[in-house]
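For the record, the sequence lines run as chains A and B. Taking numbering that gives the first Met the number 0, I'd label the letters of the first sequence as residues 0 to 367. Taking numbering that gives the first Met the number 0, I'd label the letters of the second sequence as residues 0 to 367. These notes are about the structure you will find just below.
Protein chains: 2
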Amino acid sequence: MKKRVTLKDVAEAVGVHVSTVSRALDPKTRHLITAEVAEQILKVSTELDYRQNAAAYSLKTNRTRTIGVVVPDITNPVFPPIIRGIEDRLAASGYVAILANTDGNRRREVSITQTFRARGVDGLIMASVERDDEAISRLSQDGLPIVTVNRQVDDPGVSSVVNDEDAGMKLILGHVAGLGHQHVANIAGPQALSTGTARLRAFEHHRDLLGLDDDPQLIAVANAFNDEEGVRCAEELLSRGVAFTAIVCSNDRLAIGATAALRRRGLSCPDDISVTGYNDMPMVDRLFPALTTIRVQQYDAGHEAADILLEMIETPPERRRRRHVVLPVDLMVRESTAAPSKTQGRARRARSAARAAMADPATMPAAE
Amino acid sequence: MKKRVTLKDVAEAVGVHVSTVSRALDPKTRHLITAEVAEQILKVSTELDYRQNAAAYSLKTNRTRTIGVVVPDITNPVFPPIIRGIEDRLAASGYVAILANTDGNRRREVSITQTFRARGVDGLIMASVERDDEAISRLSQDGLPIVTVNRQVDDPGVSSVVNDEDAGMKLILGHVAGLGHQHVANIAGPQALSTGTARLRAFEHHRDLLGLDDDPQLIAVANAFNDEEGVRCAEELLSRGVAFTAIVCSNDRLAIGATAALRRRGLSCPDDISVTGYNDMPMVDRLFPALTTIRVQQYDAGHEAADILLEMIETPPERRRRRHVVLPVDLMVRESTAAPSKTQGRARRARSAARAAMADPATMPAAE
DNA sequence: CTGTTAGCGCATTCAC
DNA sequence: GTGAATGCGCTAACAG
Chain A
0 MKKRVTLKDV AEAVGVHVST VSRALDPKTR HLITAEVAEQ ILKVSTELDY
50 RQNAAAYSLK TNRTRTIGVV VPDITNPVFP PIIRGIEDRL AASGYVAILA
100 NTDGNRRREV SITQTFRARG VDGLIMASVE RDDEAISRLS QDGLPIVTVN
150 RQVDDPGVSS VVNDEDAGMK LILGHVAGLG HQHVANIAGP QALSTGTARL
200 RAFEHHRDLL GLDDDPQLIA VANAFNDEEG VRCAEELLSR GVAFTAIVCS
250 NDRLAIGATA ALRRRGLSCP DDISVTGYND MPMVDRLFPA LTTIRVQQYD
300 AGHEAADILL EMIETPPERR RRRHVVLPVD LMVRESTAAP SKTQGRARRA
350 RSAARAAMAD PATMPAAE
Chain B
0 MKKRVTLKDV AEAVGVHVST VSRALDPKTR HLITAEVAEQ ILKVSTELDY
50 RQNAAAYSLK TNRTRTIGVV VPDITNPVFP PIIRGIEDRL AASGYVAILA
100 NTDGNRRREV SITQTFRARG VDGLIMASVE RDDEAISRLS QDGLPIVTVN
150 RQVDDPGVSS VVNDEDAGMK LILGHVAGLG HQHVANIAGP QALSTGTARL
200 RAFEHHRDLL GLDDDPQLIA VANAFNDEEG VRCAEELLSR GVAFTAIVCS
250 NDRLAIGATA ALRRRGLSCP DDISVTGYND MPMVDRLFPA LTTIRVQQYD
300 AGHEAADILL EMIETPPERR RRRHVVLPVD LMVRESTAAP SKTQGRARRA
350 RSAARAAMAD PATMPAAE
């Protein structure tokens, strides 16, 4: 491997001192140098293809231009766009991201943040937090810039970028109610996650505003945002014996599970029961039936989170301000919702039973 | 932000010299230290929560325990499992990954590898290479450990981990031929990518071994691994007027596009024409029709690539050996393949025309 | 076995 | 405006 060219090499080539080169290369201190000398230094340094040694820079300045990104699982389709948004924004400012997966495991999260801190990250973007995450609050209070994406912690001191859950539920319920549904069930997400509680709260709120059936038996709470829990909760709802013609799910995976559960029971979606998701994951427009859902702006969320974080990093700790950004969402109406059938007819049910043979949900775990 | 505890702090607390602490903390040099002293140092250092300063370590040793991972686009579902495999392996050895997306742009790839080199990465894992990528060959010859995943460069000097394309095509063609198809079309991938050429070569090879129709008109070459190209190639095949009852596609996205194109023409899959994919992307088991495809071991590929890279890093440059690992693949038979219909009947075509109204392919670009 | 010394490449304070 | 000197925290060669 070729030897790297250092400031010293450039200094010797130009015939000036190292510190002069250092100043000339930094836009902030360039004005201290005679214009011609600076120009010459710049020229030679590009000729020699000089690159600042990141380790030396970090050791000296205590800044790494590296930020840590923590997600539950990069394999969950919700996260790649967020990460992409983060990286695009970071790259524009010469920062890079180091990435880690927690699998929703609290202990791993702690050990990861410690590793990242040892690496001297300038900040953290967390997509994996639970509502009561004290470790994050503490790190944040210690002065480490942190912003959460997609989710947030209850502590309002930690900056966040989230989607407008209230607006999303309003759109979904408005759509479903508009189709004529009066008895709408809800599969809520884990209440340890802000997305879970916010969407449940919004569901209840707009359900009441719209005058829909508010029987608490119409709500089932999932323990995770995955297919299996969608299946379990749908079965639970069906077994309770309360009548409903639509199920609003707190995310797409729950909806996929719920749809599969209906199918197994010989019920058709949307003929017998409408189902909605949340997130608009890739490919849900190609499912059978194509899923009506809420599109959230994952890329923008990541981009914005990185933007806020960089701003925090460049602001002296005492002047830093927490920020909470809420991004707008869109309703995607597809095939999984329809007007409630008056008859709940046999013919329909028979037809849908034929489909019931189709595959069970993949057993991929997921959280968001 | 609390002040970080350094070797010096530990040394003072224990009452020994910094270098003693340094040695005691490194498993490789620990044996040089009296057992009791070492134990005491270990104890104090955990009490104080000492963490090695990564920048100082790097500056001194010229190693960063950081490796660069370059993918075309993390948003393409093929890559997250690979990345996850890489990270899990790296984490086990105390390494971290920094990630960047090229969007298949050669210039970006070069600039990214330069950035990474400036950051002093210990090695590179490239999922984005084209066959004739000279920049990579050069870097590799310069002594920078590099391994490509999923794809490979033509230069055999660069280590790689790929899937068994020949076996995959053999499985697919065996399955299709076994169903009774004699005239099998192929939508091949971009020939600038090793996956594209390898799968095409394998297709031709096994087509001939099986005695299938070898009309060159049955092959269409896509310019990218995405839905639109799948549509375009399927239409091209149909417009050529050659008869076929199955289309073998070089990846899942092409297959999705091809299926959509058939549908628009009022043709049903698999009733009129069978379609196969390649990769077994998430969710393709839930499409309509669920896609018959080849499952490749993305996670394992990433894991193995990281493993090889770490081994290279720990081997002195002159003793390093190139390695080429080929991972086995599996056939996933689902609903998109069936025996060829003798009649190509009107009734069938009418029925499938009803489905033709369904959504067009999403306009997401993709490469693999 | 342990302490001493040097220096990795850089930014920055202090002289001039 | 520029050069000289210092030290960030660590490892490694050398000395004892």
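Glycine is no exception: its CB is placed at the ideal position from the N, C-alpha and C atoms.
Enumerate in chain order the residues of its own chain whose CB-to-CB distance from residue i is below 7 angstroms, with the five nearest sequence positions on each side excluded.
i	result
Gln-216 (chain B)	Arg-239 and Val-241
Leu-6 (chain B)	Val-17, Val-20 and Ser-21
Ala-96 (chain A)	Ile-66, Val-68, Ile-85, Glu-86 and Leu-89
Arg-402 (chain B)	Because chain B here runs from 0 to 367, residue 402 (chain B) falls outside it and cannot be looked at.
Glu-228 (chain B)	Ala-221, Asn-222, Leu-253 and Gly-256
Asp-299 (chain A)	Gly-84 and Leu-326
Asp-359 (chain B)	Low confidence applies here, because Asp-359 (chain B) scores a pLDDT of 37, under 50, leaving its location unreliable; read the following figure in that light. Taken in chain order, the residues that qualify are Ala-259.
Glu-234 (chain A)	Ala-260
Met-357 (chain A)	Residue confidence for Met-357 (chain A) is low, a pLDDT of 38 falling below 50, so the modelled location carries little weight and cannot support an answer.
Glu-313 (chain B)	none
Less than 8 angstroms between C-beta atoms, sequence neighbours within five positions excluded: which residues of the same chain meet that for residue i?
i	result
Asp-207 (chain A)	Asp-213
Arg-118 (chain A)	Thr-63, Thr-65, Gly-67 and Ile-97
Asp-306 (chain A)	Arg-88
Val-4 (chain A)	Leu-47, Asp-48, Tyr-49 and Arg-50
Leu-172 (chain B)	Val-183, Phe-202, His-205, Arg-206, Leu-209, Leu-211 and Val-247
Pro-80 (chain B)	Gln-297, Tyr-298 and Gly-301
Since residue i meets chain B, which of its residues come closer than 8 angstroms, beta carbon to beta carbon?
i	result
Leu-286 (chain A)	Met-282, Arg-285, Leu-286 and Phe-287
Thinking residue i and residue j are a contact (beta carbons under 8 angstroms), I'd like their distance in whole angstroms, please.
i	j	result
Ala-308 (chain B)	Pro-144 (chain B)	With the sequence shown as reference, residue 308 (chain B) is identified as Leu, and Ala is not the correct amino acid for it. That belief holds up - the Cβ atoms of Leu-308 (chain B) and Pro-144 (chain B) are roughly 6 angstroms apart, short of 8 angstroms.
Val-328 (chain A)	Arg-285 (chain A)	About 21 angstroms separates the two Cβ atoms, so there is no contact after all.
Tyr-277 (chain B)	Cys-232 (chain B)	14 angstroms between Cβ atoms; not a contact.
Thr-112 (chain A)	Leu-138 (chain A)	6 angstroms
Ala-304 (chain A)	Ser-335 (chain A)	With a Cβ gap of about 30 angstroms, Ala-304 (chain A) and Ser-335 (chain A) do not count as contacting.
Val-152 (chain B)	Val-175 (chain B)	About 31 angstroms; that fails the 8 angstroms criterion.
Arg-264 (chain A)	Leu-237 (chain A)	6 angstroms
Val-146 (chain A)	Ile-124 (chain A)	6 angstroms
Asp-251 (chain B)	Val-230 (chain B)	Not really, about 14 angstroms apart at Cβ, beyond 8 angstroms.
Phe-224 (chain A)	Gly-188 (chain A)	5 angstroms
Asp-271 (chain B)	Met-331 (chain B)	No, Asp-271 (chain B) and Met-331 (chain B) are not in contact; Cβ-Cβ is about 22 angstroms, not under 8 angstroms.
Leu-58 (chain B)	Ala-34 (chain A)	In fact, because the Cβ distance is near 32 angstroms, the residues do not count as touching under 8 angstroms.
Can you pull the chain A neighbours of residue i, defined as C-beta to C-beta under 9 angstroms?
i	result
Arg-239 (chain B)	Near Arg-239 (chain B) there are no residues of chain A at all, since even the closest Cβ is about 27 angstroms away, more than 9 angstroms.
List the residues of chain B that residue i touches, going by C-beta distances under 7 angstroms, in chain order.
i	result
Leu-58 (chain A)	Ala-54, Ala-55 and Leu-58
Thr-275 (chain A)	Within 7 angstroms Cβ-Cβ: nothing; Thr-275 (chain A) doesn't reach chain B, min ~17 angstroms.
Can you pull the chain B residues whose beta carbon is under 9 angstroms from the beta carbon of residue i, in chain order?
i	result
Thr-63 (chain A)	Ala-53 and Ala-54
What does residue i touch in chain A if you count any residue whose Cβ is under 8 angstroms from its own?
i	result
Ile-32 (chain B)	The premise fails here: Ile-32 (chain B) is roughly 22 angstroms from chain A at the closest Cβ pair, so nothing lies under 8 angstroms.
Ile-255 (chain B)	Arg-285
Could you pull out every residue in the same chain whose Cβ sits closer than 6 angstroms to the Cβ of residue i, ignoring the five residues on either side in sequence?
i	result
Phe-115 (chain A)	Gly-67
Met-363 (chain B)	Legend: pLDDT at Met-363 (chain B) = 36, less than 50; position of this residue unreliable, value from coordinates given subsequently. Nothing meets the Cβ criterion.
His-180 (chain B)	Thr-244, Ala-245 and Pro-339
Thr-258 (chain B)	Cys-268 and Val-274
Asp-154 (chain A)	Ser-136
Ser-92 (chain A)	Leu-309
Thr-28 (chain A)	Arg-22
Met-311 (chain A)	Pro-144 and Arg-319
Arg-345 (chain A)	In this prediction, Arg-345 (chain A) has a pLDDT of 33, which is less than 50 and means its spatial position is unreliable; what the coordinates show is noted afterwards. Taken in chain order, the list of residues that qualify is empty.
Asp-165 (chain B)	Ala-201
Asn-185 (chain B)	Phe-202, Ile-218 and Val-247
Val-324 (chain A)	Val-160 and Glu-303
Asn-162 (chain B)	Val-295, Leu-326 and Val-328
Thr-291 (chain A)	Thr-275, Val-332, Arg-333, Ser-335 and Thr-336
Leu-199 (chain A)	Ala-187
> Which residues, in chain order, does the stretch 105–133 of chain A contribute to contact with chain B at a C-beta distance below 9 angstroms?
Replying inline: Ile-111, Gln-113, Thr-114, Phe-115, Arg-116, Ala-117, Arg-118 and Gly-119
> Got a sec: which bits of the stretch 74–107 of chain B sit with their beta carbon under 9 angstroms from any beta carbon on chain A, in order along the chain?
Replying inline: Thr-74, Asn-75, Pro-76, Phe-78, Pro-79, Pro-80, Ile-82, Arg-83, Glu-86, Asp-87, Ala-90, Gly-93, Val-95, Ala-96, Ile-97, Leu-98, Ala-99 and Asn-100
> At which residue ranges does the stretch 266–317 of chain A contain complete alpha helix (DSSP H) runs of 4 or more residues, listed in the order of the chain?
Replying inline: 297–312
> Can you list, in chain order, the stretches of the beta strand (DSSP E) that have 3 or more residues and sit fully within the stretch 186–232 of chain A?
Replying inline: Counting only runs of 3 or more, we get 218–220.
>> So if I threshold CB-CB distances at 9 angstroms, which residues from the stretch 43–56 of chain A count as touching chain B?
In response: Asp-48, Arg-50, Gln-51, Asn-52, Ala-53, Ala-54, Ala-55 and Tyr-56
>> If we require 4 or more residues per run, which alpha helix (DSSP H) segments fall completely within the stretch 37–120 of chain A?
In response: Entirely contained in the stretch 37–120 of chain A, the alpha helix (DSSP H) runs reaching 4 residues are, in chain order, 53–60, 78–91 and 105–117.
> Fully enclosed by the stretch 141–173 of chain A, which beta strand (DSSP E) runs are 3 residues long or longer?
Replying inline: Whole beta strand (DSSP E) segments, 3+ residues: 145–148 and 158–162.
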